[in-house]
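Top line first, the protein sequences correspond to chains A and B. Letter 160 of the first sequence, counting from 1, is numbered 159 in numbering that gives the first Met the number 0, and no numbers are missing. Letter 53 of the second sequence, counting from 1, is numbered 52 in numbering that gives the first Met the number 0, and no numbers are missing. Written out below as structure tokens is the structure these notes cover.
Protein chains: 2
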Amino acid sequence: MSSHDDLRTIALAEFATAGYSATSLQRIAELAGLSKSSVLYHYSSKEALLEAAIGPAIDRMVEILTPLEGFDFSDEGRTAFLEAFVDFLLEHRLEVHMFINQGPSLVDVPVIDRANALVMRLAEFFSANSASLEEKMRFGIALGGAAYMLCTVQTLDLPVEPRDETRAALLSIMGQLLSPIRIR
Amino acid sequence: MSSHDDLRTIALAEFATAGYSATSLQRIAELAGLSKSSVLYHYSSKEALLEAAIGPAIDRMVEILTPLEGFDFSDEGRTAFLEAFVDFLLEHRLEVHMFINQGPSLVDVPVIDRANALVMRLAEFFSANSASLEEKMRFGIALGGAAYMLCTVQTLDLPVEPRDETRAALLSIMGQLLSPIRIR
DNA sequence: CAGTTTCCTGACCGTTCGGTCAGTTAGCGT
DNA sequence: ACGCTAACTGACCGAACGGTCAGGAAACTG
């Protein structure tokens, strides 16, 4: 893989696990086997590296969400969206963990503002119709909980494989949390 | 309130919202209307301030958890524990948010190691008997989700008052997530 | 072959970090 | 009046931070 892509991957992993502020360019350079100057050759600043790390995931989620806005979440398309959402979480768990847990603390960084706006749009989408307090709380728990759980698999002794089983379980849990109509 | 307690409160709020690494002693000093030297007069180091900020909450959770370990979570004491757990989350939401979301990134700090050990004990307690993958995932989502949601109330347009309603809703959601036996 | 571009580097810069220390001020018991 | 202590401060320190810059090595291009 090219140094350029290497750096993006390494930076994403470090930003997500150690935190953006706590991750130095020196650290990323060492993990990539390069000098700090080389990191700044490929990405003009630390912020540019952050943009490269999480920007594509934000764009992808916007792609998924945009055509659905305006439709009711309780429509028949709900299951299909839930599957797309869960697959997105599984594929971009590091990115989601990043802008969920560090978004509020990194305001004024452009790419983070985009991420925070996306989270707001998601919240509005899920609570589009008659959202009670509990339903809003359910959305917050589902989103923050999935982001946390998917990045703490090793700490909690959770196997990430087989992927299919993880996906099925996550679908079940998220469906239960986000379904506006529940069995009492 | 004394400067000593002021500093603890301010530091906790900043650590939880902006992150430990991203919060400077200078910043805390300014919020408290003191000089950085005064902060280090009351607390011998930044780590000591962190210990004062989240240590008591860790001790309190250990107090709640310890007498229950060894008992099955599905016993009749389950509801009582769930209520105590939810009340703990509501009272110490900033502290929980801190060591849930920054715990993995601050290893080798003694008080954080204590927090991480506590999370492990909690996980083992909840999954004491026959925990399937999905049940472990449910625990992770419940814990991380509650920590996230309770600290993102303003972003998600969630009212923190009335407290009773929040508590009841949280009890309902956490009970549904953590109950080992569910309606299929 | 010469010229250009790509990739990479060490030296260096200004700033901020956590932390130390000597010293000042104010209150309080005697 | 005195000394003692708690609260607080500015000056200062070495280290690490993000970032700049001039230049070296290698590969591609005419």
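The beta carbon of each residue, even a glycine, is placed where N, CA and C say it ideally should be.
Within chain B, the residues whose beta carbon sits less than 7 Å from that of Thr16/A are Pro103, Ser104, listed in sequence order. At the C-beta level, Leu64/A and Leu149/A stay beyond 8 Å of one another. For Gly69/B, no alpha helix (DSSP H) segment is defined, and its DSSP state is neither H nor E. Taking 8 Å as the threshold, the shortest C-beta distance from Ile27/A to chain B does not fall below it. Contact annotation for Glu164/B against chain A: Leu132 [CB-CB distance below 7 Å, chain order]. A direct Cα-to-Cα measurement between Gln175/B and Gly102/B gives close to 26 Å. C-alpha of Ala10/A to C-alpha of His96/A: approximately 14 Å in a straight line. Rounded to the nearest angstrom, the gap between the Cα atoms of Gly139/B and Ala47/A is 32 Å. Within the segment 68-141 of chain A, the runs of alpha helix (DSSP H) at least 4 residues long that lie entirely inside it are, in chain order, 77-90, 92-100, 109-125. Between the C-alpha atoms of Leu6/A and Phe14/A there is a straight-line separation of about 12 Å.
Taking 8 Å as the Cβ-Cβ cut-off, the segment 33-63 of chain B has no residue approaching chain A. Taking the CA atoms as reference points, Asp112/A sits about 22 Å from Leu67/A.
For the C-beta of Arg137/B, the chain A residues within less than 8 Å are, from N- to C-terminus, Ile172. Not one beta carbon of chain B lies nearer than 8 Å to the beta carbon of Ser178/A. Note that the C-beta distance between Ala146/B and Ile99/B is below 8 Å.
Apart from sequence neighbours up to five positions away, the residues of its chain that approach Arg137/A with a beta-carbon distance below 8 Å are Leu176, Leu177, ordered along the chain. In the structure shown, the three-state DSSP call for Met0/B is coil.
Under the three-state reduction of DSSP, Thr154/B is assigned to coil, being neither helix nor strand. From the listed residues Val152/B, Val61/B, Ala114/B, the smallest Cα separation to Leu132/A is found for Val152/B.
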